[in-house]
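Visitor:
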Amino acid sequence: MGVDKTCPGAAEAVADIPSGASLAVGGFGLCGIPAVLIRALLASGADDLTVVSNNAGIDDVGLGVLLRAHRLRRIVASYVGENKEFERQYLSGELEVELTPQGTLAERLRAGGSGIPAFWTRAGAGTLVAEGGIPWRYAADGSVLVTSPAKQQQRFDVLGEPADYVLEYGIVTDFALVRAAVGDRHGNLVFHASARNFNPVAAMAGRVTIAEVETLVEPGEIDPDAVHLPGVFVHRVVELSPDEARDKRIEKLTTRGAAADAGPAVPAEPGAAR
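Taking our numbering, the leading residue of the sequence shown gets 30, the next gets one more, and so forth.
#1: In angstroms with no decimal places, state the Cα-to-Cα distance between S177 and F204.
#2: For the putative contact between H257 and L218, defined by C-beta atoms under 8 Å, what is the C-beta separation to the nearest angstrom?
#3: Pull up the CB-CB distance for E114 and D77, whole angstroms please, since I reckon it's below 8 Å.
#4: Hey, quick one: how far does the alpha helix (DSSP H) through Y108 stretch, first residue to last?
#5: Would you kindly work out how many angstroms separate the C-alpha atoms of V43 and L188, rounded to a whole number?
#6: Quick one: which unbroken beta strand (DSSP E) runs of 3-plus residues sit fully inside the stretch 221–295? Chain order, please.
#7: Between A232 and the rest of its own chain, which residues show a CB-CB distance below 8 Å, the 5 nearest in sequence each way excluded?
#8: Just tell me which of F57, D45, D33, S48 has its CA closest to the CA of R225.
#9: Using the beta-carbon count (16 or more within 10 Å), is G93 buried or exposed?
#10: Use the C-beta contact count for T202: other C-beta atoms within 10 angstroms, 16 or more gives buried, fewer gives exposed.
#11: Identify the residues that DSSP records as bridge partners of E136: which are they?
#12: Determine whether the beta carbon atoms of A255 and L196 lie at a separation below 8 Å.
#13: Buried or exposed: which applies to L282, given that a residue is buried once 16 or more other Cβ atoms fall within 10 Å of its Cβ?
#14: Near E111, which residues of its chain fall below 7 Å by C-beta distance, leaving aside the five closest residues on each side in sequence?
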């Protein structure tokens, strides 16, 4: 039957994450974020953390709660997003930030989880991403303390198109936190629609991966062909309560009036019934 990987709760699942640990965290904005595990990590008191995530949520949701509590030392992300506290801490020298092209970040996580130490990519070739000099940490007075290093570049002829490529390294973290729509006790996971985003690759990169799942099922109930992430990458599974599963914030709420919903008026064709 395999090992039952379920944990009694989020607090128990993150209890051994120490201060100074590195974590890969799934989600994009507020979509598919492991919010319950993040709150449990906040309550645990762990600090001086390094986080690898597409972005850092918003000020009071997701990774934003760890930022606000000054628990993060360093973030590897693709953009600052809508988090004003993220921006403030970065520019004031309280937080080290390694900005990485989004596709490169996803591939670095996937590569790390696949045992691939490094790979070549055209993304960033000929820019500061490759040449170095991007501010990673500022001083309180606005001067730059730490900048990104120059990366190895090499020219390759791929399908008759010679171009410069940049060497990027795979990412492996101590822990990974992800969220899935459905999971079984063996750790097989299914993600819902766009909530799939960075979750599978983040899960692959963690030496210990913890998944919170909205619906927990028994082994064999998930069609093997429907599994998005096999249980070999998952070490602990936390079943969310119905209230926790429903608690999903919208980052930007956009609505339209009834007239706009109806769409533009379309003239009837000659002779058509009215």
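Even for Gly, the Cβ is constructed at its ideal location relative to N, Cα and C.
Guide: A quick look at the data gives this:
#1: One C-alpha to the other measures close to 24 Å.
#2: Contact flag correct, Cβ pair sits at about 6 Å.
#3: About 17 Å; that fails the 8 Å criterion.
#4: Neither: Y108 is in no alpha helix (DSSP H) and is coded neither H nor E.
#5: Straight-line Cα distance between these residues: approximately 47 Å.
#6: Counting only runs of 3 or more, we get 235–246, 265–268.
#7: A53, G55, G142, A205, V207, L218, T238, A240, L258, F262, V263
#8: When only C-alpha atoms are compared, the closest one is F57.
#9: buried
#10: buried
#11: Per DSSP, none; premise fails for E136.
#12: Result no, Cβ atoms of A255 and L196 do not sit closer than 8 Å.
#13: L282 counts as exposed, since fewer than 16 other C-beta atoms from the protein chains shown sit within 10 angstroms of its C-beta.
#14: A distance below 7 Å between beta-carbons, with the five flanking residues on each side excluded, links E111 to the following residues of its chain, in chain order: I87, E280.
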